[in-house]
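According to our numbering, the residues represented by the sequence shown are 154 to 619, in order. For every residue, glycine included, the Cβ atom is placed at its ideal position computed from N, Cα and C. Note that this is a predicted model, so its numbers are computed, not measured. Contents: one structure, followed by commentary.
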Amino acid sequence: MGRGAGRIPLRGGGCLGAAREPPQDNPRPRSVLTDGQPSLEYGAPCRIGPHALAHLSDPRNGGCWQAMVEPSGVQPVPPPLMTSEPGSFAEATIIRRKPQIVEDVLRDNDYPPEIVDALRALSEEVLTGEIQPLAEPAPDRAEWDAQWCRYAGLTWRNVPWYFAEAFFYRRLLEAVRYFQPGIWQGHDPFAAQKRRQIEGPGGAVTLAAELIPLLPKDPAGAARALIYASLWGNRVDLSNREVLAGAALEAGHPEDVLIDDSAEIVDFLRREPHGRIDFINDNAGPEAAFDLLLTDLILEQGWAQRVRMHLKAYPFFVSDAMVKDVRELITRLEGATQTRDAADRLAGWLQSGTLELRDHPFWTSAYAFDEMPADLRRELGAADLVILKGDANYRRLLGDRHWPFTASLEEITAYFPAPYAVLRTLKAEILVGLSESQVQLLRSAEADWLINGRRGIIQLVVPPPR
């Protein structure tokens, strides 16, 4: 492509054309003005939301799109969490966690030499090289090229953290030939790890079977217990299972739930019959099992006519649940005595369409939630409540940015199309909605309180009628 070709006006709310490779002599796109509108030269177009605007104008992100300005009425947007922040958890995940994920994939799969070499090359690139684009054709190639163009010429250790993580998993799938014709097409590189989360003494089936007899008999108490179980996911072990299932849930470790709207969520569910409750799911394994048990309770009590689960379209973040994983889990739950009744109901609801399992390319993209495509916004907007699970989804909800701990979740996420509840265990240096006294107490208690997985939030956001 010649210099000056492919100049594309950037206007909010859409991806304006096909992705383009930046020319070799000028790998980073630069902003220009065309008829008073910010435009991008040499790069691919991008979806623009309030978080994206601040990101594109951030000089730490390559100095691109300096003409971008914040839309009126949006509070100042802080910078994103970067992999370049010394001593940060973001930096540590790139330096240590991502190479280890490659080693785990190599251990669990009998790949041929060419795939082994591709995985080793990816691991080395993450540690020492510039971020390379996708090389092979795939259904999502254009979208990822559009994302990659923002960071062309930068290293993995100098980009926004969420992009680095999301693109790493997409590059890993390319390395294992997930989308290419052949025997490895569609093979989940994380299947063995997910299987271990389902089977065995600490797996999803065992934990769900042991939890069911401990649930309170009244539906409201059972719902609240299942919300706690769904929050903690893999933390539900022998040491705290009875606490989660007890009627007096606050008798456990209330200081670990920094924001607790569990009672309000149950009241919302019971207030009136709802048309549809949606889950934006996170992990497979125990967490998915508890999500399913909560779904079973919601449908059995008639609190909603339907439940829709939004799942990943392809392997992502190692343990994220895909449609196939949830279907397999329901089958496994049918095989255990304690979970058989619930699993049989779930299988029936799945067959009738009362329980829907959906995937969408957005869930495995590097976009923040305020950049959600219109079709998905409409779909979520039709739900009476969206239950948003997990750390990565929370990060995307907030644009993975350094918001003040005391900032308002409601104000930041005013763009979200439906009432929603967040169930999140803290595993990243991002959090809002606390009081100043809470922040001071937590800082004095533990240096790693944001990332050690000991604390969580259960937060309900119901916007006022428009």
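For residue j and residue i, believed in contact at Cβ under 8 Å, the rounded distance
| i | j | result |
| --- | --- | --- |
| P313 | P252 | About 20 Å; that fails the 8 Å criterion. |
| Y322 | F469 | 5 Å |
| G543 | D413 | Not a contact, Cβ separation roughly 17 Å. |
| L499 | D431 | The Cβ separation is near 16 Å, so there is no contact. |
| R554 | P266 | Their Cβ separation, rounded to whole angstroms, is 42 Å, which puts R554 and P266 out of contact at 8 Å. |
| K465 | W516 | 5 Å |
| V539 | A571 | 5 Å |
| L510 | I433 | The Cβ separation is near 13 Å, so there is no contact. |
| Y467 | Y331 | 7 Å |
| A521 | R549 | 5 Å |
| R310 | I247 | 6 Å |
| L508 | V460 | 5 Å |
| A457 | G428 | 7 Å |
| D523 | G488 | Wrong, their Cβ atoms sit about 42 Å apart, outside the cutoff. |
| R607 | D409 | 6 Å |
Cα-Cα separation, residue i to residue j
| i | j | result |
| --- | --- | --- |
| E244 | C302 | 22 Å |
| D293 | P514 | 8 Å |
| S237 | V279 | 13 Å |
| S518 | A319 | 7 Å |
| A574 | A535 | 15 Å |
| M235 | G386 | 27 Å |
| P439 | G356 | 6 Å |
| D473 | D261 | 17 Å |
| I610 | L603 | 11 Å |
| Q491 | E277 | 47 Å |
| R596 | D497 | 46 Å |
| L562 | L576 | 13 Å |
| V255 | L326 | 11 Å |
| L447 | D270 | 43 Å |
| V358 | N605 | 26 Å |
| P618 | L272 | 50 Å |
| G586 | Y315 | 21 Å |
| A317 | P372 | 42 Å |
| G455 | R424 | 11 Å |
| D178 | F242 | Below a pLDDT of 50, predicted positions are generally treated as unreliable, and D178, at 33, falls in that range; no measurement from the model is reported. |
| T281 | A305 | 15 Å |
| E599 | L584 | 15 Å |
| R394 | L364 | Residue placement at R394 is poorly supported in this model, since its pLDDT is 47, which falls under 50; the coordinates are not used for a value here. |
Under 8 Å between C-beta atoms of residue i and residue j
| i | j | result |
| --- | --- | --- |
| A382 | F443 | yes |
| L275 | A328 | yes |
| L613 | I418 | yes |
| T578 | L384 | yes |
| A378 | L368 | yes |
| D257 | Q346 | yes |
| V471 | D512 | no |
| Q338 | E289 | no |
| A495 | L503 | no |
Residue i (DSSP reduced to helix, strand or coil)
| i | result |
| --- | --- |
| D478 | helix |
| K370 | coil |
| L584 | coil |
| E327 | helix |
| Q612 | strand |
| P526 | coil |
| N605 | coil |
| E238 | coil |
| E564 | helix |
| A295 | helix |
| F443 | helix |
| L551 | coil |
| E363 | helix |
| Q454 | coil |
| G353 | coil |
| P266 | helix |
| P286 | coil |
| L307 | coil |
| F592 | It is Val, not Phe, that sits at residue 592 in the sequence shown. Three-state result, V592: helix. |
| A600 | coil |
| P98 | Any property of residue 98 remains undetermined from this structure, which presents the chain solely from 154 to 619. |
| P407 | helix |
| V279 | helix |
| P618 | coil |
| D473 | strand |
| V312 | coil |
First through last residue of the beta strand (DSSP E) which encompasses residue i
| i | result |
| --- | --- |
| D512 | 508 to 512 |
| F432 | 427 to 433 |
| V410 | 410 to 413 |
| K542 | 538 to 542 |
Alpha helix (DSSP H) segment containing residue i, residue limits
| i | result |
| --- | --- |
| I254 | 251 to 261 |
| Y573 | Here Y573 belongs to no alpha helix (DSSP H); instead the beta strand (DSSP E) covers 573 to 578. |
| D497 | 493 to 505 |
Proximity test, Cβ basis, 8 Å: residue i and chain E
| i | result |
| --- | --- |
| A437 | Structure shown: chain E not included; a single protein chain is present. |
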